[in-house]
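One structure is given here, and the rest of the page talks about it.
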Amino acid sequence: MKKLYFVIALAIFVTFGLVLFNHLNKDFLEKSAETLDIIKDIEKNEYKIESDVLKSSFYLYYNYDEIYKSVSQIEKNIKRLKERHLSDITHKQSKKVLEEYEREFKKKVDAIHQFETVNSLIKNSQIYIPTLSLKYIQMVEKPDVEYFLLLNRIISSLFLIKNSQDKTFLNELYQDIQRLKKFSFKDEKLQQFHNILLSHLNVFVKSFPIYYEKLEYILEKNRDIQIINRLKETFIMETDREMKVISAISIGSTALFLVVLGYLASLLIKLEYTNNLLKRLQKNLEMKVITDELTGLPNRKAFFLRERNYKEPTLVLINIDNFKHINDLYGSEFGDQVLVKLGSFIKSYFDKKGIKAEVFRLGADDFGVLYENMRDKTAQIVEELINEIENHTFVIKLREGSREIDVELTINVSAGVSYEKPLLEKADMVLKYVKKRREKYMIYSSDLDLTKLIEENLRILRIIKYAINNNGVDLYYQPIFDNRTGEIVKYECLVRIRDREGNVLSPSTFMPIAKESKYYGAITRTVIEKSFARFRDTDMDFSINLSSEDIADREIVNYIYQVLEKEPEVARRVTFEILESESIENYEQIYSFVKNVKKLGAKIAIDDFGSGYSNYSHIVNLEPDYIKIDGSLIKQLPYDLYVQVIVSTIVDFSHKLGIRTVAEYVHNEDVFAMVKSLDIDYSQGYYLGKPSKQCCIR
Amino acid sequence: MVITYLIVLLLASFSIGYEAVQPIPERVPYDREKAEIGKLLYHDPILAKDRRTSCAYCHDLYQKCGTDHRPIAKGFGDRKGKVNTPTVYNVRFNFRFFWDGRAKTLREQILEPIRGFSEMNITQEEIEERLNKHDYYKKLFKKVYGTDRITFDMVVDAIVEFEKALITPNSRFDRYLRGEEVLSEKEKEGYKLFKKLGCISCHNGINLGGNSFQKIGLVKPYPWHPSNPDRYRITGREFDKNVYRVPPLRNIDCTHPYFHDGSVKTLENAVQLMAYYNLGFMLEEEELELLVAFLKTLRGELPEILKGEGER
Chain A
297 MKKLYFVIAL AIFVTFGLVL FNHLNKDFLE KSAETLDIIK DIEKNEYKIE
347 SDVLKSSFYL YYNYDEIYKS VSQIEKNIKR LKERHLSDIT HKQSKKVLEE
397 YEREFKKKVD AIHQFETVNS LIKNSQIYIP TLSLKYIQMV EKPDVEYFLL
447 LNRIISSLFL IKNSQDKTFL NELYQDIQRL KKFSFKDEKL QQFHNILLSH
497 LNVFVKSFPI YYEKLEYILE KNRDIQIINR LKETFIMETD REMKVISAIS
547 IGSTALFLVV LGYLASLLIK LEYTNNLLKR LQKNLEMKVI TDELTGLPNR
597 KAFFLRERNY KEPTLVLINI DNFKHINDLY GSEFGDQVLV KLGSFIKSYF
647 DKKGIKAEVF RLGADDFGVL YENMRDKTAQ IVEELINEIE NHTFVIKLRE
697 GSREIDVELT INVSAGVSYE KPLLEKADMV LKYVKKRREK YMIYSSDLDL
747 TKLIEENLRI LRIIKYAINN NGVDLYYQPI FDNRTGEIVK YECLVRIRDR
797 EGNVLSPSTF MPIAKESKYY GAITRTVIEK SFARFRDTDM DFSINLSSED
847 IADREIVNYI YQVLEKEPEV ARRVTFEILE SESIENYEQI YSFVKNVKKL
897 GAKIAIDDFG SGYSNYSHIV NLEPDYIKID GSLIKQLPYD LYVQVIVSTI
947 VDFSHKLGIR TVAEYVHNED VFAMVKSLDI DYSQGYYLGK PSKQCCIR
Chain B
32 MVITYLIVLL LASFSIGYEA VQPIPERVPY DREKAEIGKL LYHDPILAKD
82 RRTSCAYCHD LYQKCGTDHR PIAKGFGDRK GKVNTPTVYN VRFNFRFFWD
132 GRAKTLREQI LEPIRGFSEM NITQEEIEER LNKHDYYKKL FKKVYGTDRI
182 TFDMVVDAIV EFEKALITPN SRFDRYLRGE EVLSEKEKEG YKLFKKLGCI
232 SCHNGINLGG NSFQKIGLVK PYPWHPSNPD RYRITGREFD KNVYRVPPLR
282 NIDCTHPYFH DGSVKTLENA VQLMAYYNLG FMLEEEELEL LVAFLKTLRG
332 ELPEILKGEG ER
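For the record, the sequence lines run as chains A and B. To get the working numbering, take the position in the first sequence, counting from 1, and add 296. To get the working numbering, take the position in the second sequence, counting from 1, and add 31.
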């Protein structure tokens with residue numbers, strides 16, 4: 297920064313220097329040109345003076361104004377040079393010469409004044425003497441011939457001397473004048489004339505040497521013209537020297553200017569470099585801001601930035617089903633690895649397909665795939681993607697102390713697709729809907745609008761409310777048979793509700809809504825109450841379904857404890873079927889519930905076992921009396937060898953732990969045969985007995 | 032080279048034709064605004080210690096052709112001066128000022144009468160003090176010189192500008208020189224005689240004089256006295272005794288009395304005496320008449336700057 301200020305200061309200084317130089321240079325050129333002009337003007341006037349002096353000596357009379365004009369012009373010029381043009385130190389020598397010139401010129405002017413005086417004297421007499429000669433003729437009747445001739449000779453030598461400027465004729469004139477002096481006249485008038493003539497001649501003779509001397513001095517001896525020439529030379533010499541100094545300043549400041557320019561250029565280059573560096577840094581930062589740290593995929597922010605670039609975007613929002621369980625079971629570090637693997641799996645799927653798509657991590661376990669259009673293929677793409685994911689075995693490394701175990705894992709996912717903006721919001725809505733409906737995926741359409749869903753929900757909620765308040769919660773009973781004896785050993789109590797018109801609603805319709813409402817507890821309580829009432833006076837066993845939500849509800853749990861304690865005889869005949877597949881938040885709660893009800897004589901069954909969520913370690917901890925094998929397995933049992941292996945494994949390990957097995961969904965003879973052959977203890981299903989309001993008939 | 036130059040100049044002047052006297056230009060350059068201030072100051076006795084004397088006191092422009100018609104000037108407190116007052120008309124064409132030519136410029140010349148004991152007898156400081164107390168002058172100087180304080184230098188400058196304006200153009204003689212047939216035969220004869228008798232060898236140029244130093248008493252000795260205001264006082268050269276700056280002859284018929292001591296009352300006498308001292312002869316009656324007739328044609332017009340105010 298300091299450097300920069302220095303350079304700026306230098307630049308200002310150099311600019312100032314250049315301006316100064318320009319000014320100096322211009323000033324200098326103007327001044328020297330003007331000075332030379334003045335010196336030349338002096339020279340010109342010098343010659344003019346000489347010419348005027350010469351003319352005034354030549355003519356009988358002359359205009360002295362001319363001489364005086366030139367003299368005052370020179371005087372004015374000297375003054376100008378002295379006061380202005382030669383006043384500075386560089387022209388010290390010139391000024392000296394000028395002063396010398398001024399002194400010499402003063403002498404010349406003085407000589408000119410004297411010359412003018414004698415010139416006029418001589419001319420005065422020169423004009424007058426011929427007039428006198430005429431006067432002599434007029435005055436006398438008989439002129440003295442000798443006198444007249446002498447007079448004429450004198451007059452002619454006078455003009456000869458004057459016009460030839462030759463002093464050698466002066467002697468002749470002297471002699472003639474001496475001769476003339478010898479004449480004297482008796483006539484008083486003539487004598488007076490003679491005296492005047494002599495005086496005039498005397499004036500001439502006396503003045504001529506001075507006249508000659510002054511003229512010679514002015515025209516030849518005075519050195520002022522030489523001095524003015526010397527002044528010119530001296531000035532030019534000094535000007536040259538000054539020119540050199542100015543040139544040096546010019547070269548110096550130009551060089552400095554270039555240096556400053558170069559330095560500025562280098563600074564600019566540096567600045568540009570730094571700028572680029574900063575830009576790159578900024579880009580990096582931006583990248584960081586829009587990149588998910590864990591998966592390295594672009595994040596939610598990036599999604600919002602990128603989505604604007606699509607004309608007809610398709611967003612596939614993919615969510616892992618029950619991802620929370622994975623975290624809970626194996627720890628979040630493990631869960632993170634699942635996310636990383638899944639992210640790269642999705643990405644590689646699209647790469648493999650050659651679809652230009654961007655994969656984002658939009659939330660905890662939400663992945664978004666964004667691509668242009670291809671709406672006609674959406675269903676195909678999404679189905680295939682889900683299949684690929686669900687059929688893929690993810691191998692995750694699990695650290696256990698110092699050991700590292702490879703855990704193989706399959707993942708189920710659901711997807712929501714939207715084409716309309718706001719993309720994410722709509723896809724999310726679809727996804728929720730998909731989850732609720734236990735579908736795999738859905739594409740957003742306006743039919744799917746939430747408002748309809750909400751209306752439907754509200755309608756069902758009103759029915760639930762009505763049913764609770766108007767004894768509309770009914771129980772249906774489905775028999776469970778012993779496969780060895782073929783006898784009914786138990787009834788499963790199934791809940792239904794009736795609306796105002798008497799229509800019966802199945803649990804899959806109202807239970808999800810009821811669970812979200814305050815009426816859920818009331819339904820469970822009614823189920824318990826009614827089932828106890830129905831079976832109190834029988835010797836038949838019966839089972840009641842409980843969800844994890846029920847077990848998490850302290851009031852319900854306490855109520856169950858109360859009922860069981862109150863009626864130990866009935867308690868011995870009740871089985872609580874716990875659905876393991878639903879999201880369980882707190883296993884401890886379930887463990888303690890199971891422990892308590894068992895103490896009170898009740899039995900425990902695990903419902904829908906093998907549906908994908910089941911976990912053997914939990915089974916062990918829960919120590920159930922029964923395991924109900926999931927209907928989806930049983931349905932396929934006769935047709936799928938793989939399923940047969942799974943089911944036989946479940947049966948085998950259950951028996952080893954002393955747990956009885958129950959087959960659900962036995963809907964035909966083949967299934968029933970297979971169930972029996974696999975040594976499953978009990979069966980239930982439409983083939984054996986549908987749920988009905990009647991019960992307990994053996 | 033010098034020789035060629037001279038020859039060319041000589042030849043050039045031959046071909047032009049030659050006249051030793053030039054007419055006064057009808058217009059001359061000067062700063063009118065400054066000159067107007069100068070005109071006020073010239074007539075204002077504020078510049079004299081006694082507040083009675085002014086430049087115009089001795090150099091009456093309207094009645095006396097820039098002189099006082101006194102043999103010897105009279106100034107401050109009517110103290111007598113030493114010489115006859117020369118005219119201020121056409122002074123810009125003179126090469127020197129005063130009888131002995133001691134002042135080279137009008138600026139130098141003006142200082143003497145202002146400070147002179149027998150003239151205005153005042154100091155530079157007093158003039159400044161007086162004028163700076165004077166609202167009207169302050170206003171004028173502010174306008175023309177752009178100053179809040181009047182200095183002595185400006186006062187002199189203004190008067191110089193006024194004096195530069197004092198020219199008397201368009202005399203009958205000047206019109207004759209310009210080619211107009213305005214002179215009588217007698218007057219033309221007078222001018223010829225003026226040249227023939229050699230008067231013109233000293234009285235030449237625009238002012239017919241005022242451009243060289245010349246001697247009186249060339250043929251007949253002119254009485255010399257140490258108090259004579261001649262060149263000798265300046266140079267100390269014997270030669271310069273009775274050498275004076277040649278008096279200009281413009282408006283000569285109304286700048287009487289004549290000579291440096293004002294001892295000659297009439298123009299005729301002055302001419303006659305000049306002939307006597309410098310030619311050695313008294314002029315014939317007829318010659319004198321012709322010369323005087325010519326000299327009277329040198330009367331010019333009132334300067335532009337004074338016009339229309341003469342009657343006031």
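Glycine is no exception: its CB is placed at the ideal position from the N, C-alpha and C atoms.
Practice task
Can you tell me which of the three DSSP states Glu192 of chain B falls into?
Solution key: Residue numbering aside, residue 192 of chain B sits at position 161 when the second sequence is read from its first letter. Of the three classes helix, strand and coil, the one that applies to Glu192 of chain B here is helix, per DSSP.
Handout entry: Distance, Lys375 of chain A Cα to Met32 of chain B Cα
Key = For this step, residue 32 of chain B is matched to residue 1 along the second sequence. For this step, residue 375 of chain A is matched to residue 79 along the first sequence. Annotation note: pLDDT 45 at Met32 of chain B (below 50); position unreliable, coordinate value reported separately. For Met32 of chain B and Lys375 of chain A, the distance between alpha carbons rounds to 28 angstroms.
Exercise for the section: Counting only the same chain and skipping the five closest in sequence on each side, list residues whose C-beta sits under 7 angstroms from that of Glu192 of chain B. Expected result: What you label residue 192 of chain B is simply residue 161 of the second sequence in a count that begins at 1. Result list for Glu192 of chain B: Tyr61, Asp62, Lys65, Ala66, Gly69, in chain order.
Handout entry: Between the CA atoms of Leu790 of chain A and Tyr982 of chain A - distance to the nearest angstrom
Key = By one-based count along the first sequence, residue 982 of chain A stands at place 686. By one-based count along the first sequence, residue 790 of chain A stands at place 494. Taking the straight line from one Cα to the other gives about 14 angstroms.
Practice task
Would you mind sorting Asp349 of chain B into buried or exposed? The rule is 16 or more other CB atoms within 10 Å of its CB.
Solution key: The first residue shown for chain B is 32 and the last is 343, placing residue 349 of chain B beyond what the model contains.
Problem - C-alpha distance - Arg343 of chain B paired with Ala196 of chain B, whole-angstrom precision - result: Along the second sequence, one-based indexing puts residue 343 of chain B at 312. Along the second sequence, one-based indexing puts residue 196 of chain B at 165. Unreliable positioning characterises Arg343 of chain B in this predicted model, as indicated by a pLDDT of 35, which lies under 50. The coordinate reading is nonetheless provided below. About 20 angstroms.
Problem - Min CB distance Thr386 of chain A to chain B below 8 angstroms - result: Looking up residue 386 of chain A in the first sequence gives position 90. No, Thr386 of chain A does not count as interfacial toward chain B.
Exercise for the section: Kindly indicate if chain B contains any beta-carbon less than 8 angstroms away from that of Lys402 of chain A. Expected result: Mapped onto the first sequence, residue 402 of chain A falls at position 106. No, no contact with chain B.
Practice task
Look at the Cβ atom of Gln980 of chain A, then the Cβ atom of Glu960 of chain A, and state whether they are nearer than 8 angstroms.
Solution key: Along the first sequence, read from residue 1 onward, the residue named residue 980 of chain A stands at position 684. Along the first sequence, read from residue 1 onward, the residue named residue 960 of chain A stands at position 664. With respect to the 8 angstroms criterion, Gln980 of chain A and Glu960 of chain A are classified as neighbours on the basis of their beta carbons.
Handout entry: Beta-carbon proximity check, Ile586 of chain A vs Thr674 of chain A, cutoff 8 angstroms
Key = Taking the first sequence and counting its residues from 1, one reaches residue 586 of chain A at position 290. Taking the first sequence and counting its residues from 1, one reaches residue 674 of chain A at position 378. It is not a contact, given that the beta carbons lie outside the stated cut-off.
Problem - C-alpha distance - Lys722 of chain A paired with Lys728 of chain A, whole-angstrom precision - result: Your numbering for residue 722 of chain A matches position 426 in the first sequence. Your numbering for residue 728 of chain A matches position 432 in the first sequence. Rounded to the nearest whole angstrom, the C-alpha separation of Lys722 of chain A and Lys728 of chain A is 10 angstroms.
Practice task
Could you tell me which residues DSSP puts in a beta bridge with Phe302 of chain A?
Solution key: Here residue 302 of chain A corresponds to residue number 6 of the first sequence, with the count starting at 1. Looking at the DSSP assignment, Phe302 of chain A forms no beta bridge with any residue, so it has no partner.
Problem - Selection from B:Ala104, B:Phe225, B:Glu212, B:Leu333 that minimises the alpha carbon distance to Phe129 of chain B - result: Locating residue 129 of chain B in the second sequence gives position 98, where the first residue counts as 1. That would be B:Ala104, whose Cα lies nearest to the Cα of Phe129 of chain B.
Problem - Endpoints, beta strand (DSSP E) assigned at Cys230 of chain B - result: Numbered from 1 along the second sequence, position 199 holds the residue referred to as residue 230 of chain B. Run containing Cys230 of chain B: none; DSSP gives neither H nor E here.
Practice task
Count the other C-beta atoms from every protein chain shown that fall within 10 angstroms of the C-beta of Val691 of chain A, then say buried if there are 16 or more, exposed otherwise.
Solution key: Within the first sequence, residue 691 of chain A is the residue found at index 395, counting from 1. Exposed, because fewer than 16 other Cβ atoms sit within 10 Å of the Cβ of Val691 of chain A.
Problem - Where Val499 of chain A meets chain B, residues with beta-carbon distance less than 8 angstroms - result: As a working note, residue 499 of chain A is residue 203 in the first sequence. Result: Leu249, Val250.
Handout entry: chain B contact residues for Lys458 of chain A, given Cβ-Cβ distances below 8 angstroms
Key = What you label residue 458 of chain A is simply residue 162 of the first sequence in a count that begins at 1. None at all; the shortest Cβ gap to chain B is about 13 angstroms.
Handout entry: Cβ-based burial, Phe889 of chain A [other Cβ within 10 Å; buried from 16]
Key = Here residue 889 of chain A refers to the residue found at position 593 when the first sequence is read from its first residue. Result: buried.
Problem - Contact with chain B by Asn359 of chain A, beta-carbon distance below 8 angstroms - result: As a working note, residue 359 of chain A is residue 63 in the first sequence. True, the Cβ-Cβ gap to chain B drops below 8 angstroms.
Problem - Cβ contact (3+ pairs, closer than 8 angstroms) linking the stretch 201-211 of chain B and the stretch 327-338 of chain B - result: At 8 angstroms Cβ cutoff, the stretches touch.
Problem - Chain-ordered chain B contacts of His409 of chain A [CB-CB under 8 angstroms] - result: Here residue 409 of chain A refers to the residue found at position 113 when the first sequence is read from its first residue. What His409 of chain A touches in chain B: Ser243, Phe244.
Practice task
Look at Glu684 of chain A and Tyr645 of chain A and say whether their C-beta atoms are less than 8 angstroms apart.
Solution key: Working through the first sequence from its first residue, we reach residue 684 of chain A at position 388. Working through the first sequence from its first residue, we reach residue 645 of chain A at position 349. Yes; because the gap between Cβ atoms is below 8 angstroms, this pair is in contact.
Exercise for the section: Please say whether Tyr357 of chain A and Ile198 of chain B have beta carbons closer to each other than 8 angstroms? Expected result: Sequence index remark: in the second sequence, residue 198 of chain B carries index 167 (1-based). Sequence index remark: in the first sequence, residue 357 of chain A carries index 61 (1-based). Not a contact, by the Cβ cut-off of 8 angstroms.
Practice task
Kindly confirm or deny that the stretch 311-326 of chain A and the stretch 500-507 of chain A touch, where touching means at least three C-beta pairs closer than 8 angstroms.
Solution key: They do not touch, by the three-pair rule.
Handout entry: Own chain partners of Thr154 of chain B with C-beta closer than 8 angstroms, once the 5 adjacent residues on each side are dropped
Key = As a first step, residue 154 of chain B is located in the second sequence; it is residue number 123 there, counting from the start. For Thr154 of chain B, where only same-chain residues beyond five positions count, the Cβ hits under 8 angstroms are Arg146.
Exercise for the section: Spatial neighbours of Glu603 of chain A within its chain, please: CB distance less than 7 angstroms, with the 5 preceding and 5 following residues excluded, ordered by chain position. Expected result: Against the first sequence, residue 603 of chain A aligns to sequence position 307. Taken in chain order, the residues that qualify are Pro609, Leu666, Leu719.
Practice task
Would you grab the beta carbon distance between Ala711 of chain A and Val636 of chain A for me? Rounded to a whole angstrom, and I think it's under 8 angstroms.
Solution key: For this step, residue 711 of chain A is matched to residue 415 along the first sequence. For this step, residue 636 of chain A is matched to residue 340 along the first sequence. Approximately 19 angstroms separates the beta-carbon atoms of Ala711 of chain A and Val636 of chain A; this is outside 8 angstroms, ruling out the contact.
Problem - Asn121 of chain B burial status per 10 Å Cβ neighbour count (16 or more: buried) - result: Locating residue 121 of chain B in the second sequence gives position 90, where the first residue counts as 1. With a threshold of 16 other beta carbon atoms within 10 Å, Asn121 of chain B meets it and is buried.
Exercise for the section: Go through its chain and collect everything with a Cβ distance to Arg821 of chain A's Cβ below 8 angstroms, but skip five positions before and after it. Expected result: By one-based count along the first sequence, residue 821 of chain A stands at place 525. Excluding positions up to five away in sequence, the list reads Ile852, Tyr855.
Problem - Option in A:Val556, A:Arg695, A:His496, A:Tyr508 with minimal Cα separation from Phe309 of chain A - result: Within the first sequence, the letter at position 13 stands for residue 309 of chain A. Among A:Val556, A:Arg695, A:His496, A:Tyr508, the Cα nearest to that of Phe309 of chain A belongs to A:Val556.
Practice task
Rounded to whole angstroms, what's the CA-CA distance from Ala898 of chain A to Phe872 of chain A? Just pull it up for me.
Solution key: In the first sequence, the residue the question calls residue 898 of chain A occupies position 602. In the first sequence, the residue the question calls residue 872 of chain A occupies position 576. Phe872 of chain A has its alpha-carbon roughly 7 angstroms from the corresponding atom of Ala898 of chain A.
Handout entry: Neighbour-count burial assignment, Ile304 of chain A, 16 or more Cβ in a 10 Å radius
Key = Numbered from 1 along the first sequence, position 8 holds the residue referred to as residue 304 of chain A. When all chains shown are included, Ile304 of chain A counts as exposed.
Exercise for the section: Count the other CB atoms, across all protein chains shown, that sit within 10 Å of the CB of Met970 of chain A; report buried if there are 16 or more and exposed otherwise. Expected result: Position 674 of the first sequence, counting from 1, holds the residue named residue 970 of chain A. Flag for Met970 of chain A reads buried.
Problem - As assigned by DSSP and simplified to three states, the class of Glu332 of chain B - result: Working through the second sequence from its first residue, we reach residue 332 of chain B at position 301. Note: Glu332 of chain B maps to coil in three-state DSSP.
Handout entry: Runs of alpha helix (DSSP H) lying entirely within the stretch 567-645 of chain A, each at least 4 residues, in chain order
Key = Counting only runs of 4 or more, we get 596-602, 619-626.
Handout entry: Cβ pair Leu953 of chain A, Ile942 of chain A closer than 8 angstroms
Key = Taking the first sequence and counting its residues from 1, one reaches residue 953 of chain A at position 657. Taking the first sequence and counting its residues from 1, one reaches residue 942 of chain A at position 646. Going by C-beta atoms, Leu953 of chain A is not nearer than 8 angstroms to Ile942 of chain A.
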